[in-house]
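Q: Each residue of the sequence shown is one higher than the one before, counting from 2 in this note's numbering. Where is the CB? At the ideal position from N, CA and C, for every residue including glycine. Sharing a structure here in structure tokens format.
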Amino acid sequence: MFCRRFRMGRSLFLHIVEKVEARDNYFVQRRDSIGRLCISALQKIIAVFRMLAYGCLADATDEYIKIEESTTIESLKRFSRAVMEEFADEYLRSPNTADVVRLLRIGKDRGFPKMLGIIDCMHWKWKNCPTAWARQYAGCSGSATIIIEAVANYDLWIWHAYFGLFGTNNDINVLEASHLFSNLA
């Protein structure tokens, strides 16, 4: 149930909560002026995850988690900053030499020699595209789409992402405009 609701395992979720709490004391639960406990870190971070996972608005979390819109927005800003500070060096970077050697070894062990990861282009329908931009981002379906190119390895470490710009976008054009292959060369 937890994995379905939060789209991640409980241990990973609690690990993120622990690291974010340690990074920013905004998420540490305090008492108000009359001694009652205020909003917990779990409530704030659950509100943030609901916004990120389901695309719901900040004021929609008020009904479910009982947090004001302004608190949810501040939590999102501080959560994003804390995650970047805490995890960027490990997860939001290009592979270094040791990573490339490890990925090549794993690929070879799995029967795919000289394979670093999997590249894919995904077409996202841009539901709230401004009307003035809609034709510039129109894909083959006729509706506004954004193409994201991503490279992931066997354990879903996404080490490259690129969003296609407006114009005639297909997978080939996005791959051509991306700096992925020039960075690996």
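1) With DSSP as the reference, label Glu19 as helix, strand or coil.
2) Can you find at least 3 beta carbon pairs, one from the segment 20–30 and one from the segment 84–91, that sit closer than 8 Å?
3) Hey, how far is the Cα of Ala54 from the Cα of Arg37?
4) Between the segment 71–84 and the segment 96–112, do three or more beta carbon pairs fall short of 8 Å?
5) Would Val221 pass as a contact of Ile40 if the rule is Cβ separation under 7 Å?
6) Cα separation between Pro96 and Asp121?
7) Taking one C-beta from the segment 109–123 and one from the segment 145–159 each time, how about it: are there three or more such pairs within less than 8 Å?
8) Please report the straight-line C-alpha distance between Ile159 and Glu70, rounded to a whole angstrom.
9) In three-state terms, what does DSSP make of Ala61?
10) Going by the beta-carbon positions, is the gap between Ile66 and Ala48 smaller than 7 Å?
11) Excluding five sequence neighbours on each side, which residues of the same chain lie with their C-beta closer than 7 Å to the C-beta of Trp127?
A: Quick answer:
1) Here residue 19 refers to the residue found at position 18 of the sequence shown. Helix.
2) yes
3) On the sequence shown, residue 54 is found 53 positions in, with the first residue counted as 1. On the sequence shown, residue 37 is found 36 positions in, with the first residue counted as 1. Ala54 and Arg37: Cα-Cα distance of roughly 31 Å.
4) no
5) There is simply no residue 221 to check, as the chain begins at 2 and stops at 186 in what is shown.
6) Numbered from 1 along the sequence shown, position 95 holds the residue referred to as residue 96. Numbered from 1 along the sequence shown, position 120 holds the residue referred to as residue 121. Spanning the two alpha carbons is a distance of roughly 17 Å.
7) yes
8) Within the sequence shown, the letter at position 158 stands for residue 159. Within the sequence shown, the letter at position 69 stands for residue 70. Rounded to whole angstroms, Ile159 to Glu70 spans 31 Å at the Cα level.
9) For the purposes of this step, residue 61 is taken as the residue at position 60 of the sequence shown. Residue state, collapsed to three classes: helix.
10) Numbered from its first residue, the sequence shown carries residue 66 at position 65. Numbered from its first residue, the sequence shown carries residue 48 at position 47. It is a contact, given that the beta carbons lie within the stated cut-off.
11) Indexing the sequence shown from 1 puts residue 127 at position 126. Answer for Trp127: Tyr138, Ala145, Thr146 and Ile147, listed in chain order.
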